[in-house]
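Colleague: The letter at position 351 of the sequence shown is residue 351 when you use UniProt numbering, and the numbering goes up by one with no holes.
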Amino acid sequence: MTVEAAPQRETHAFQAEINQLLSLVINSLYSHKEIFLRELVSNASDALDKLRFRAITEPELLADAPELELRIIPDAEKNTLTIEDSGIGMSHDELVKNLGTIAHSGSREFIQAMTQRGQKDMQLIGQFGVGFYSAYLVADRVEVISRAAGKDTAAWKWTSEAHGTFTVEPAERAARGTSVILHMKEDQKEFLDEWRLRSLITQYSDYVGHPIKLQVKKTTGTGDDAKTETALEVVNKASALWQRSKSDITDEQYQEFYKHLTHDWDAPLAWTHFKADGHQQFTGLLFVPKHPPFDLNAQQQRGVRLFVKRVFIMDRCEELVPQWLRFVRGVIDSDDLPLNVSRELLQDSQVVRGIRKHVVKKSLDLLEKMSKDKPEDYKEFWKSFGTVLKEGLATEAEHKDKLGGLLRYESSREEGLTSLADYVSRMKEGQEALYYMYGESRKAVEDSPHLEALKQRGYEVLFMTDPVDEWAAQGLREFQGKPLVSALQADLKLQATDEQKKEQEQSAEGLKGLTSRMKDVLQDSVREVRVTDRLTDSPVCLVVPEGGSPAYLERLLQQRGKGMPRVKRILEVNPKHPVIEHLKALHEKDPAQAQVSEWIELLHDQALLTEGSTISDPNRFARRLTTLLTQVAGMAARATS
1 MTVEAAPQRE
11 THAFQAEINQ
21 LLSLVINSLY
31 SHKEIFLREL
41 VSNASDALDK
51 LRFRAITEPE
61 LLADAPELEL
71 RIIPDAEKNT
81 LTIEDSGIGM
91 SHDELVKNLG
101 TIAHSGSREF
111 IQAMTQRGQK
121 DMQLIGQFGV
131 GFYSAYLVAD
141 RVEVISRAAG
151 KDTAAWKWTS
161 EAHGTFTVEP
171 AERAARGTSV
181 ILHMKEDQKE
191 FLDEWRLRSL
201 ITQYSDYVGH
211 PIKLQVKKTT
221 GTGDDAKTET
231 ALEVVNKASA
241 LWQRSKSDIT
251 DEQYQEFYKH
261 LTHDWDAPLA
271 WTHFKADGHQ
281 QFTGLLFVPK
291 HPPFDLNAQQ
301 QRGVRLFVKR
311 VFIMDRCEEL
321 VPQWLRFVRG
331 VIDSDDLPLN
341 VSRELLQDSQ
351 VVRGIRKHVV
361 KKSLDLLEKM
371 SKDKPEDYKE
381 FWKSFGTVLK
391 EGLATEAEHK
401 DKLGGLLRYE
411 SSREEGLTSL
421 ADYVSRMKEG
431 QEALYYMYGE
441 SRKAVEDSPH
451 LEALKQRGYE
461 VLFMTDPVDE
471 WAAQGLREFQ
481 GKPLVSALQA
491 DLKLQATDEQ
501 KKEQEQSAEG
511 LKGLTSRMKD
521 VLQDSVREVR
531 VTDRLTDSPV
541 CLVVPEGGSP
551 AYLERLLQQR
561 GKGMPRVKRI
571 LEVNPKHPVI
581 EHLKALHEKD
591 PAQAQVSEWI
601 ELLHDQALLT
611 EGSTISDPNR
621 FARRLTTLLT
631 QVAGMAARAT
641 S
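So, in structure tokens, the structure goes:
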């Protein structure tokens, strides 16, 4: 005998996470109790969408009840509110798994996010697929009677008072679908009032693509002939908002549709509504959220829903949106795809490729408009989604010019964030490149010796402290005809007068013996040792040869288990620094003396530390430093005696 046919009543314990979740919901959402209706209506709408999609290939599923609808039935006498649908329904096992365990809910992720973010983000509840439990905000007992679509299925009743257990038992239900019956708390009877329910449906669920029928009381006749009857009235418009004319839709309606679509309590930062009538015919409505969802960095999560001729096909259609636009939410409704479109067909479809190209263009246009018209909103967007957007520069060269204009960075010149266009407008006369410095924090970056010559010339430097920045800069390469140059690169593209070039050549010639000795001592560690005009206050620094990766990036990849062979860097020497002048004198006096080698090793270790790298032998470094300090102290003592 299958579990589905088992006639007995069963008692199950909630998983520990569900108990914790129920406590969080009941105790933290008390001031927003009305959202229970939005969540339950949304779940019912999803069940109807799933049935309609399956019925494309299995039309027999609609045989017992062809109409797809939601019904909301208040009963003041019984003190119950019922939300029911004629959707896909649930079997015995699905009731247990979906409502009693963590297997098919986002409860664990929700609890983790609540722990990390605090209760201020309770509005994220719907994004985790756990909105069902909001029923306990207004009900002290919930019953769910459900029958799965299909032949020879049985109906089952799930019941719980949220005290740690739930029961599942056979039930009576003639047709497929689900009824959620709320036994209302004594102080929540306002939600049995017809006008209160009407208001909430209009506010939160007006754009559900199925009719929402509210049971109302109607009185006919007058006096002794008056007669009160119940009837079902369609309350919502039940039409696709994106199919209406833009001129007929208010900002408030766009915002409420976004909230219905995403279960986000905050209004979106921006949106774009468009219709394409070229080779492909489709309508799109795209939104930019204010805050990132909890699963933004899940590789498979992208937020655009696909409809075909107003029929919902799939959620999070990844073929329509590149990974670097995964924060975009919205709908695409195509007239050119077949209703029974498969994932394989989507991957190979010329129509889908055309839609994707259009979605990318419209998304970038929307962000560009926001950055110009509403810079404060764009600053908020960048804080939430800038890292994701930068991924596009590392993966799709086609959009690099548009993406370059959207980048924002801190810099050595400006307070707050600056755009590359504003940087270019402030470039010094004779400056040939946009300079940037890459590191793990602003403090580490702005104190780097690599910036000394740039600071001396008054050149602005962009501070890149995001792990994806190096790949983004390499993908962009140039902006408005100006190359992007890392301050860590060997060639800084600094202009020099003939006199400066001559002085540099003389310095290199004068230190030829010392730099040769340094190369011999450090042959296992560096590729080259050379004189530089990059430094003004520091004796040495390490720079990246062409094609090499910065030390911070190497460390980051190693931490993530993606270690790469370490590229030998170039040690650059400041010929005017007193330490180098002293070392030159020591070398000229006796090139082979051990003290010269000790100083060279010490300077290399210093260069490693200033770039944030670790040194191979800290104890030896400490001994060298102690020896040097002892020598300096001895010289100082002799000078004063």
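Glycine is no exception: its CB is placed at the ideal position from the N, C-alpha and C atoms.
Drop a sphere of 10 angstroms on the beta-carbon of Thr178, count the other beta-carbons inside from all chains shown, and report buried for 16 or more, exposed for fewer.
Modeller: Position 178 of the sequence shown, counted from the first residue, corresponds to residue 178. It counts as buried.
Colleague: Identify whether Arg413 lies in helix, strand or coil by the three-state DSSP scheme.
Modeller: Looking up residue 413 in the sequence shown gives position 413. Reduced to three states, the DSSP call for Arg413 is coil.
Colleague: According to DSSP, what are the bridge partners of His582?
Modeller: Here residue 582 corresponds to residue number 582 of the sequence shown, with the count starting at 1. The partner list for His582 (beta bridge, DSSP) is empty, contrary to what the question assumes.
Colleague: Specify, as a first and last residue, the run of the alpha helix (DSSP H) that Arg198 falls within.
Modeller: As a working mapping, residue 198 is identified with position 198 in the sequence shown. Unbroken alpha helix (DSSP H) run through Arg198: Glu194 to Ser205.
Colleague: Which residues mark the beginning and the end of the beta strand (DSSP E) in which Arg57 is found?
Modeller: Here residue 57 corresponds to residue number 57 of the sequence shown, with the count starting at 1. Strictly speaking, residue 57 in this sequence is Thr, with Arg absent from that position. From DSSP, Thr57 is part of no beta strand (DSSP E) but of the alpha helix (DSSP H) over Ile35 to Thr57.
Colleague: Is the beta carbon of Trp471 closer than 7 angstroms to that of Val388?
Modeller: Against the sequence shown, residue 388 aligns to sequence position 388. Against the sequence shown, residue 471 aligns to sequence position 471. Taking 7 angstroms as the Cβ cut-off, Val388 and Trp471 do not qualify as a contacting pair.
Colleague: Nearest-angstrom Cα distance between Leu345 and Gly284?
Modeller: Residue 345 sits at position 345 when you count from the first residue of the sequence shown. Residue 284 sits at position 284 when you count from the first residue of the sequence shown. Approximately 20 angstroms between the Cα atoms of the pair.
Colleague: Please report the distance separating the alpha-carbon of Glu319 from that of Gln347.
Modeller: For this step, residue 319 is matched to residue 319 along the sequence shown. For this step, residue 347 is matched to residue 347 along the sequence shown. Approximately 7 angstroms between the Cα atoms of the pair.
Colleague: To which residues of the same chain is Pro483 closer than 6 angstroms at the C-beta, ignoring the five residues directly before and after it?
Modeller: Here residue 483 is taken as the residue at index 483 of the sequence shown, counted from 1. Result list for Pro483: Ala433, in chain order.
Colleague: Provide the residue span of the alpha helix (DSSP H) that contains His358, from first to last.
Modeller: Your numbering for residue 358 matches position 358 in the sequence shown. Start and end: Gln350 to Asp373.
Colleague: Buried or exposed, going by whether 16 or more other CB atoms sit within 10 Å of the CB of Lys390?
Modeller: What you label residue 390 is simply residue 390 of the sequence shown in a count that begins at 1. Under this definition Lys390 is a buried residue.
Colleague: Taking Leu406 as the reference, which of Glu429, Asp85 and Tyr378 has the closest Cα?
Modeller: Here residue 406 refers to the residue found at position 406 of the sequence shown. Looking only at Glu429, Asp85 and Tyr378, the smallest Cα-Cα distance to Leu406 is reached by Tyr378.
Colleague: If you compare alpha carbons, which of Leu261, Ile88, Leu535 and Asp590 is closest to Asp206?
Modeller: What you label residue 206 is simply residue 206 of the sequence shown in a count that begins at 1. Of the listed residues, the one whose Cα sits closest to Asp206 is Leu261.
Colleague: Going by DSSP in three states, Tyr436 sits in which element: helix, strand or coil?
Modeller: Stepping through the sequence shown from its first residue, residue 436 is reached at position 436. Residue state, collapsed to three classes: strand.
Colleague: The ligand GDP and Ala155: does any heavy atom of the ligand fall closer than 6 angstroms to the residue's C-beta?
Modeller: Absence of the ligand GDP is noted for the structure shown, with no ligands found whatsoever.
Colleague: Cβ atoms of Val461 and residue 644: under 7 angstroms apart, would you say?
Modeller: This structure does not reach residue 644, given that the chain is present from 1 up to 641, and the question cannot be answered.
Colleague: Return the CA-CA distance between Lys583 and Asp365, expressed in angstroms with no decimal places.
Modeller: Here residue 583 refers to the residue found at position 583 of the sequence shown. Here residue 365 refers to the residue found at position 365 of the sequence shown. The identity of residue 583 in the sequence shown is Leu, whereas the question assumes Lys. Distance between the alpha carbons of Leu583 and Asp365: 58 angstroms.
Colleague: DSSP on His291, reduced to helix/strand/coil?
Modeller: As a first step, residue 291 must be located in the sequence shown, where it is residue number 291. In the structure shown, His291 sits in coil (DSSP, three-state: anything other than H, G, I, E or B).
Colleague: Between the Cα of Phe53 and those of Ser448, Ile313 and Ser86, spot the shortest distance and give me the residue it belongs to.
Modeller: Looking up residue 53 in the sequence shown gives position 53. Here the closest residue by C-alpha is Ile313.
Colleague: At what residues does the beta strand (DSSP E) containing Met518 begin and finish?
Modeller: Taking the first residue of the sequence shown as position 1, residue 518 is located at position 518. Element bounds for Met518: not the beta strand (DSSP E) but the alpha helix (DSSP H), Lys512 to Val521.
Colleague: Are Lys237 and His273 close, meaning C-beta to C-beta below 7 angstroms?
Modeller: Mapped onto the sequence shown, residue 237 falls at position 237. Mapped onto the sequence shown, residue 273 falls at position 273. Against a cut-off of 7 angstroms, the Cβ pair of His273 and Lys237 comes out as no contact.
Colleague: Is the Cβ-Cβ distance between Ile88 and Ala149 less than 7 angstroms?
Modeller: For the purposes of this step, residue 88 is taken as the residue at position 88 of the sequence shown. For the purposes of this step, residue 149 is taken as the residue at position 149 of the sequence shown. Yes, these two residues count as a Cβ contact at 7 angstroms.
Colleague: Take Ser441 and list the residues in its own chain whose beta-carbon comes closer than 8 angstroms to its own, dropping the five residues that flank it on each side.
Modeller: Sequence index remark: in the sequence shown, residue 441 carries index 441 (1-based). Thr465.
Colleague: Taking the continuous beta strand (DSSP E) assigned at Glu252, which residues delimit it?
Modeller: On the sequence shown, position 252 is the one that residue 252 refers to. No beta strand (DSSP E) holds Glu252; the alpha helix (DSSP H) holding it covers Asp251 to Thr262.
Colleague: With a 10 Å radius around its C-beta and 16 neighbouring C-beta atoms as the bar for buried, classify Lys512 as buried or exposed.
Modeller: Position 512 of the sequence shown, counted from the first residue, corresponds to residue 512. The residue in question, Lys512, is exposed, as its Cβ has fewer than 16 Cβ neighbours within 10 Å.
Colleague: Cutting at 8 angstroms between CB atoms, please list the residues of its own chain near Ser42, excluding the five before and the five after it.
Modeller: Your numbering for residue 42 matches position 42 in the sequence shown. If we look at Ser42 and ignore the five residues flanking it on each side, its Cβ neighbours are Gly126, Gly131, Ser205, Val208, His260 and His263.
Colleague: Taking the CB atoms as reference points, tell me whether Arg569 and Val544 lie closer together than 7 angstroms.
Modeller: By 1-based counting over the sequence shown, the position of residue 569 is 569. By 1-based counting over the sequence shown, the position of residue 544 is 544. Taking 7 angstroms as the Cβ cut-off, Arg569 and Val544 qualify as a contacting pair.
Colleague: On the CB-based measure, 16 or more other CB atoms within 10 Å of its CB, does Pro66 come out buried or exposed?
Modeller: Here residue 66 refers to the residue found at position 66 when the sequence shown is read from its first residue. Result: exposed.
Colleague: Quick check on Asp590: buried or exposed, where buried means 16 or more other Cβ atoms within 10 Å of its Cβ?
Modeller: Translated into positions along the sequence shown, residue 590 becomes position 590. Exposed: under 16 other Cβ atoms inside 10 Å.
Colleague: Within 10 angstroms of its Cβ, does Asn27 collect 16 or more other Cβ (buried), or is it exposed?
Modeller: Here residue 27 is taken as the residue at index 27 of the sequence shown, counted from 1. By the 10 Å Cβ count, Asn27 comes out exposed.
Colleague: Look at the alpha carbon of Arg9 and the alpha carbon of Thr101, and state the distance between them as a whole number of angstroms.
Modeller: The residue you call residue 9 lines up with position 9 of the sequence shown. The residue you call residue 101 lines up with position 101 of the sequence shown. Approximately 18 angstroms between the Cα atoms of the pair.
Colleague: Are Ser486 and Tyr436 closer than 7 angstroms when you measure CB to CB?
Modeller: Taking the sequence shown and counting its residues from 1, one reaches residue 486 at position 486. Taking the sequence shown and counting its residues from 1, one reaches residue 436 at position 436. Result yes, Cβ atoms of Ser486 and Tyr436 sit closer than 7 angstroms.
Colleague: If you draw a straight line from the C-alpha of Leu269 to the C-alpha of Val331, how long is it?
Modeller: On the sequence shown, position 269 is the one that residue 269 refers to. On the sequence shown, position 331 is the one that residue 331 refers to. Taking the straight line from one Cα to the other gives about 17 angstroms.
Colleague: Cβ of Arg517 within 7 angstroms of Cβ of His587?
Modeller: Walking along the sequence shown from the start, residue 517 turns up at place 517. Walking along the sequence shown from the start, residue 587 turns up at place 587. Yes.
Colleague: Output the distance between the C-alpha atoms of Trp158 and Lys290, rounded to the nearest integer angstrom.
Modeller: Here residue 158 is taken as the residue at index 158 of the sequence shown, counted from 1. Here residue 290 is taken as the residue at index 290 of the sequence shown, counted from 1. Lys290 has its alpha-carbon roughly 37 angstroms from the corresponding atom of Trp158.
Colleague: Classify Trp195 as buried or exposed, calling it buried when 16 or more other Cβ atoms lie within 10 Å of its own Cβ.
Modeller: Locating residue 195 in the sequence shown gives position 195, where the first residue counts as 1. Trp195 should be labelled exposed.
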